[in-house]
Amino acid sequence: MELKQLKIFQVAARELNFTRTAEILHYAQSSVTAQIKSLEEELAVQLFDRLGKRVILTDAGKRFKLYTDKVLDLTEEAKETVGGSEEPSGTLTICASETQCTYRLPGDYRNIFEASLVDAAVQPLCDLELGDIEANKKCVIAGIGIAALPKLAVEKEIEEGSMSVLRWKGPEFPIVTQLVWHKDKWVSPALSAFLDVAREVILDR
Numbered sequence: 001m002e003l004k005q006l007k008i009f010q011v012a013a014r015e016l017n018f019t020r021t022a023e024i025l026h027y028a029q030s031s032v033t034a035q036i037k038s039l040e041e042e043l044a045v046q047l048f049d050r051l052g053k054r055v056i057l058t059d060a061g062k063r064f065k066l067y068t069d070k071v072l073d074l075t076e077e078a079k080e081t082v083g084g085s086e087e088p089s090g091t092l093t094i095c096a097s098e099t100q101c102t103y104r105l106p107g108d109y110r111n112i113f114e115a116s117l118v119d120a121a122v123q124p125l126c127d128l129e130l131g132d133i134e135a136n137k138k139c140v141i142a143g144i145g146i147a148a149l150p151k152l153a154v155e156k157e158i159e160e161g162s163m164s165v166l167r168w169k170g171p172e173f174p175i176v177t178q179l180v181w182h183k184d185k186w187v188s189p190a191l192s193a194f195l196d197v198a199r200e201v202i203l204d205r
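The structure is reproduced here in structure tokens:
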């Protein structure tokens, strides 16, 4: 079993098309077919069902893909670790709230906001709840109600005059932006570079 075969299988499993796989990897289609067949023979199992011009992963193929992805990911990690490249590169999967993605500020202040209303003996009449910042902004502009939103999310509307600021007289919201990753996660050069940039942006705001 060779890394070349695993890479071919990985792309074929994603594309479910041997012709497309050959184009992506710059191989002849016959080479792709031969490498897949060789891999199936070595594993003594069929990885793909050939249905005319279509191919789909068998159950064994789906299971094998999980290990293929792990092997190839570890191979890339090894290359980055010992390669000594000065320019970080790689693929990052970043999870963030809508506000972080859109405006770089957290929006998880609902519990604090509601607790402040309770402390002030305020009972809001709520007929409509929206989980989307842009939808909240549109409702405020339409005169439907008021909303507590991150400042960065409404700077443009305030400047244009379509929204105005109501000063909050309650306690400040201790909102914190956090960067988190698994304790066992290998911090690749690409991830390290991203963390540095993220810290810069967060501190700058």
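Residue numbers (UniProt numbering): 1 to 205. For every residue, glycine included, the Cβ atom is placed at its ideal position computed from N, Cα and C.
Item	Value
Closest by C-alpha distance to L3, when choosing among D73, T177, G61 and R63	D73
Nearest-angstrom Cα separation, counted from D184 out to V45	34 Å
Span separating the alpha-carbon of I133 from that of L149	7 Å
C-beta atoms of S162 and I146 nearer than 7 Å	no
Where L47 falls: helix, strand or coil (DSSP)	coil
Rounded straight-line distance, which links the Cα of L130 to that of V187	37 Å
Buried versus exposed call for K137 [16 or more other C-beta atoms within 10 Å across all chains shown]	buried
Element boundaries [beta strand (DSSP E), containing V180]	That residue, V180, is in no beta strand (DSSP E); it is neither H nor E in DSSP.
CA-to-CA distance, Y67 to V197, given in whole angstroms	32 Å
Under the three-state DSSP convention, the category P106 falls into	Low confidence applies here, because P106 scores a pLDDT of 42, under 50, leaving its location unreliable and the question unanswered by this model.
Those runs of the beta strand (DSSP E) which lie wholly inside the UniProt domain "HTH lysR-type" (1 to 58) and span at least 3 residues	48 to 51 and 54 to 57
Pairwise C-alpha distance: L195 and K62	33 Å
Exposed unless 16 or more other CB atoms sit within 10 angstroms - verdict on A153	buried
Assumed close pair F48, V55 - CB separation to whole angstroms, cut-off 8 Å	5 Å
Whole-angstrom distance between W181 and V32, CA atom to CA atom	37 Å
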